[in-house]
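Asks: Structure provided below as C-alpha cells; questions to follow.
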Ligand SMILES: [Zn+2]
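Numbering (the UniProt record's numbering), first residue to last: 1 to 314.
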C-alpha cells in the first residue's frame, strides 16, 4: 500500500454504528481530510443504502476521484465468503452490504467487523506498528477483536478469528468465586463476554458485591475494597482469556480498545495477570493502549479497502 503522498486522497472509511454513521476521507498518509456524521437510518435497508450512498458520493466528489475505494466497519459478523452480515442492531442484518452498495455506487466497497477494522488500523501505523502479529482486543459493550499478520487481517474460513468473547469462562474461577453462568447474545451459556466485556464487568460487580456498578465508577476508585475485589477477579478472568489467546495465536502485541481500555493502568494490570496465568518460561506479548482510539474503526476500514483481495469481505 502506498502511504507516501499525503496530498492525494486514498480511501473513504465509514464507521457504521447502531446510532450514527461517520464517513471520513483519508489522504494517502492515512490522516483524516474530511469527516461528517449523521444518524443511522433504522427503518429500512433501502434508507441505509441511500444514506451511505450520499456520504460516499459527497466525499468522492470532494476528492475528485469518482471511484475512490470505500471501507465500512460495522458491529457484527460479516461472513468471509458470502459477505452477509449478522448485526442485530442494524437494518443491514442478513444483507450483503458490500455487494448491494457496490451496485449503487460502483468502485470497490469492502465491509468488515469493526473490531477487525480496529485491529488493522492499530497494526498499520498504530500502536502495533512494526510487530508481525498484532491482536486488537476490544473491551467495550461486547468483547471481540481481530488478528493481523504482517499488516493484513487473518480471515479464516468464516471471518471468525478474533471472536474471542464466545470462549467459555474458566471453570475453576467460576467455581471459586461462585460466578453466574448466563446466556450470551450468541445463544451459548457462560461466554467470556458475559463477565469480561464492559457490560460484563457491571454484571460481575453485582455478582461479587450485590451492587451493579460500571467501569468508570470502578476506575474512579480502584483501591476501594469492593472495587479492588471486582478488578482482581475481572483481571483473573481476562488473564485466562489472554492465556487462551496466547496458546492459539501467540501474538507479539495486544492493543486494547473499547471503553474499559480507558481504565488507568489496565495494560500493566493485564500484563501482570497474564504473567501469573501463562505457561512458565514463555515470552509475553506487549499489551498497549491504542494510538487511534475511537477513530480506528473508520481508519481501519479505509485501510482494508486499499489492500488486495484475499477473500474480499472479512
Ligand atoms: Zn457468546
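Built from N, CA and C at the ideal position, the CB exists for glycine as well.
According to the Cβ coordinates, are residue 266 and residue 260 closer than 8 Å?
Replies: Between residue 266 and residue 260, the CB-CB gap stays under 8 Å.
Asks: Is it true that the CB of residue 239 sits closer than 8 Å to the CB of residue 317?
Replies: The first residue shown for the chain is 1 and the last is 314, placing residue 317 beyond what the model contains.
Asks: May I ask you to list the residues that DSSP assigns as paired with residue 148?
Replies: 134, 153
Asks: Roughly how many angstroms separate the alpha carbons of residue 63 and residue 129, rounded to a whole number?
Replies: 28 Å
Asks: Curious, which full-length beta strand (DSSP E) runs of at least 3 residues does the stretch 238-263 contain?
Replies: 253-257
Asks: Counting C-beta neighbours from all protein chains within 10 Å, is the total for residue 180 16 or more, i.e. buried, or is it exposed?
Replies: Label assigned to residue 180: exposed.
Asks: For residue 215, which of 60, 71, 140, 247 has the nearest alpha-carbon?
Replies: 140
Asks: What are the start and end residues of the beta strand (DSSP E) that includes residue 11?
Replies: Secondary structure note for residue 11: its beta strand (DSSP E) is the uninterrupted segment 9-16.
Asks: What is the rounded straight-line gap between the Cα of residue 286 and the Cα of residue 49?
Replies: Cα-Cα distance, rounded: 40 Å.
Asks: Using a Cβ-Cβ cutoff of less than 7 Å, which residues in the same chain neighbour residue 36 once the five nearest sequence positions on both sides are dropped?
Replies: Here the set comprises 23, 55.
Asks: Can you check which of these residues, 276, 263, 279, 257, is closest to residue 134 by C-alpha distance?
Replies: 257
Asks: Taking just the CA atoms, how far does residue 207 sit from residue 315?
Replies: This structure leaves residue 315 out entirely; the chain is present only between 1 and 314.
Asks: Counting along the chain, where does the alpha helix (DSSP H) carrying residue 207 start and finish?
Replies: Going by DSSP, residue 207 is part of the alpha helix (DSSP H) stretching over 198-209.
Asks: What number of angstroms, rounded off, separates the C-alpha of residue 157 from the C-alpha of residue 94?
Replies: 19 Å
Asks: With distances taken from CA atoms, which of 29, 117, 142 is nearest residue 153?
Replies: Selected option, being the one with the closest Cα: 117.
Asks: For residue 80, count neighbouring C-beta atoms within 10 Å of its own C-beta (all shown protein chains included) and say buried if the count is 16 or more, exposed if not.
Replies: buried
Asks: Assuming residue 101 contacts residue 85 (C-beta within less than 8 Å), just tell me the rounded distance between them.
Replies: That belief does not hold up - the Cβ atoms of residue 101 and residue 85 are roughly 12 Å apart, past 8 Å.
Asks: Can residue 115 and residue 145 be called in contact, C-beta distance under 8 Å?
Replies: Going by C-beta atoms, residue 115 is nearer than 8 Å to residue 145.
Asks: Identify, in the order they occur along the chain, each residue of the same chain with its Cβ nearer than 6 Å to the Cβ of residue 1, setting aside the five sequence neighbours on each side.
Replies: Unreliable placement is indicated for residue 1, whose pLDDT of 47 sits below 50; no coordinate value is reported for it.
Asks: In angstroms with no decimal places, state the Cα-to-Cα distance between residue 178 and residue 304.
Replies: C-alpha separation (whole angstroms): 43 Å.
Asks: Should residue 166 be counted as a contact of ligand 1 given a C-beta to heavy atom distance under 7 Å?
Replies: yes
Asks: Please go through the same chain and pick out, in chain order, the residues whose beta-carbon is closer than 7 Å to the beta-carbon of residue 328, but skip the five residues on each side of it.
Replies: The structure shown does not extend to residue 328, since the chain is modelled only from 1 to 314, so the question has no answer here.
Asks: Figure out for me which residue from 143, 151, 211, 217 has the closest Cα to the Cα of residue 186.
Replies: Answer by Cα proximity: 143.
Asks: Which residue wins for smallest C-alpha separation from residue 71, given the options 245, 120, 282?
Replies: 120
Asks: Specify the secondary structure class of residue 307 as computed by DSSP and reduced to three states.
Replies: coil
Asks: Report the three-state DSSP secondary structure of residue 85 (helix, strand or coil).
Replies: Of the three classes helix, strand and coil, the one that applies to residue 85 here is strand, per DSSP.
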